[in-house]
Amino acid sequence: MTNTKSGFSGGLDRRSFLQYSSSSGLGLVLCPSLPVLAAEPKAKAVIQIFLSGGLTHIDTFDPKPYAPPEVRGEFKTIKSKADGEPFSEVMRRTAAIADKIAVIRSMTHGEAAHERGRHNMFTGWRPNPAIMYPSMGSIVAHEKGAQNNLPPYVAIPNGNDEYMGTGYLSAAYAPFSLGDEPNRKNFQVRDLRLPGGVTSDRLKQRRKLLEQFDKDFSKRAEADALRATDAFYDQAYSLIDSPKAKAAFDLNKVPAKLRYRYGRTNIGQRLLMARRLVEAGVRYVSVLDGGYDNHQNLQAGLRRRMVPFDQGYAALIADLDASGLLKDTLVLLTTEFGRTPRYNATRGRDHWARAFSIVMAGGGIKGGIIHGSTTADGSVPDSDPVGPSDLSATTFTLLGLDPKKRLFSSGGRPHRLVDDGKVLTDLIG
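FYI, our numbering numbers position 228 of the sequence shown as 228, with every residue one higher than the one before it.
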């Protein structure tokens, strides 16, 4: 079987797209013989937060206070607003808003390598050497399209992880990358402003010239590749031409008090940016934060990362709830896998994919829920195991997309949006 993996693996900008669009077809059509029954959408947008490296579940959302020291670790526990269920002390602010979130303690997939774990959690599929599957964000971009002159799929601060990409879909559905850090003093979104010396009139002249070239090119080019290029240019011009769209990326318009509520940290300002983008009309926002691969000295390393994250995440949920956006915005807190049940010789935890925790909130998800459980040492699910395909099936269903819908890759092979995933109906209000 031919490998249909696209050559595009990063975030989408104007220059990168042109390098690939000439060789990338749209890569899919809806199978005409299969009916698609869409559910009534409960969510209008998704924010997927991804903590890269593998977040330890025992030291955050699934503590084991009565286990031996080498299992329970060095953190104390606190009661959360999810019926008093314990969280780690490093999740103090999140524990205070736990009545608005659903913690899944029984996530599992068995892939303990970073790349394979990320593939599972971004796409909902197990890795396949014959094909690269699209990320959930790219599928949403394809199925829902753009609105309000904004890209349908945005990555903060960038989309350089290939598993966040388009897989067998066209490069037109790749994430639009900010290309800069929102917390930086002189933060500026890449390709959002016209280059020096290029006026609006000059841009219009260039666009007319490009359209003329396209007419000639279309006579000999593959139609799919040309449509992908046109889709990208339409999105780019709309973004540049729309003051409202550009304003969504401008954190200088945010009151200082709100910025400090999220925390003047990288993760805090990334989450604030995500909130502004879904409010403005972006369909899917991926927020990345790294530094969770704690093989040694876990206590110091995790505390250093979780203190700013805890502040920013709790502020995001509370802010979305206060503004009324939470009911329409699905917030996913994900990671590639968990950490080993026991400390290693360097006071850290190693990769462990048999059990870990993720969190869902808003967009039709009930709050104050603890779904599933793990054994006394946190090594495997003890009840209600959940896999990556279940997460994607639930996400698509909340967005009004049928998980059983089939798309064709460029090789003519049909693929469901989700591979045999079950919808987590117990979590849906």
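Ideal Cβ positions, reconstructed from N, Cα and C, are used throughout, including at glycine.
Between the alpha carbons of Ala102 and Ala322 lies a distance of about 18 Å.
Less than 8 Å separates the beta-carbon of Asp377 from that of Ala67. As for any beta strand (DSSP E) of minimum length 3 sitting wholly inside the segment 235–296, the runs are 284–289, ordered along the chain.
The DSSP-derived three-state label of Ile317 is helix. DSSP, reduced to helix, strand and coil, places Pro157 outside both helices and strands of the structure shown, so it counts as coil. Taken in chain order, the whole beta strand (DSSP E) runs of length 3 or more contained in the segment 73–136 are 77–79, 86–88, 101–107.
For Thr329, the uninterrupted beta strand (DSSP E) run begins and ends at 329–335, by DSSP.
Shown here, Ser373 sits in a strand according to DSSP, grouped into three states. Within the same chain, Cβ atoms closer than 6 Å to the Cβ of Arg261 are found at Ala315, the five residues on either side in sequence being excluded. Your pair Ser88 and Thr60 checks out as a contact, with CB atoms roughly 5 Å apart and the cut at 8 Å. Each of Thr335, Gln48, Ile267 was checked against the Cα of Gly117, and the nearest Cα belongs to Thr335. For Gly338, the number of other beta carbons within 10 angstroms of its own is at least 16, and it is reported as buried. The criterion of a C-beta distance shorter than 8 Å is not satisfied by Asn294 and Arg354. Assigned with DSSP and collapsed to three states, Val189 falls in coil, not helix or strand. Under the Cβ criterion (8 Å, minimum of three pairs), the segment 138–145 does not count as touching the segment 356–373. Within the DSSP bridge table, the entry for Arg354 names no partner.
A Cβ-Cβ contact shorter than 8 Å links Tyr343 with Gly73. Rounded to the nearest whole angstrom, the C-alpha separation of Pro134 and Thr394 is 17 Å.
Counting along the chain, the unbroken beta strand (DSSP E) around Pro381 starts and ends at 381–383. Your pair Asn266 and Asn183 checks out as a contact, with CB atoms roughly 5 Å apart and the cut at 8 Å. The straight-line gap separating the alpha-carbon atoms of Arg259 and Glu181 is approximately 14 Å.
Val189 places its beta carbon 8 Å or farther from that of Leu277. Under the criterion of beta carbons closer than 8 Å, Leu326 and Lys100 qualify as touching, at roughly 7 Å. Selection Ala318, Asp319, Gly268, Asp328 evaluated against Arg305 yields Gly268 as nearest (Cα-Cα). DSSP places Ala45 in the uninterrupted beta strand (DSSP E) bounded by 45–51.
CA-CA distance, Tyr284 to Ser392, rounds to 13 Å. Here Leu330 is near Leu398, since their CB atoms are less than 8 Å apart. Beyond the five residues adjoining it in sequence on each side, Asp419 comes within less than 8 Å, by CB distance, of Gly124, Trp125, Arg126, Ser389 in the same chain, given in chain order.
DSSP, reduced to helix, strand and coil, places Ala171 within a helical segment of the structure shown.
Out of Arg270, His415, Asn148, the CA that lies nearest to the CA of Asp241 is found in Asn148.
Rounded to the nearest whole angstrom, the C-alpha separation of Val71 and Thr340 is 9 Å. With fewer than 16 other CB atoms across the displayed protein chains lying within 10 angstroms of its CB, Lys253 is exposed. DSSP, read as helix, strand or coil, puts Ser177 in strand. Annotation: the continuous beta strand (DSSP E) that includes Phe408 extends over 406–408. The secondary-structure analysis by DSSP pairs Gln147 across a beta bridge with Leu150. Taking every protein chain shown into account, the CB of Gly412 has fewer than 16 other CB atoms within 10 angstroms, so this residue is exposed.
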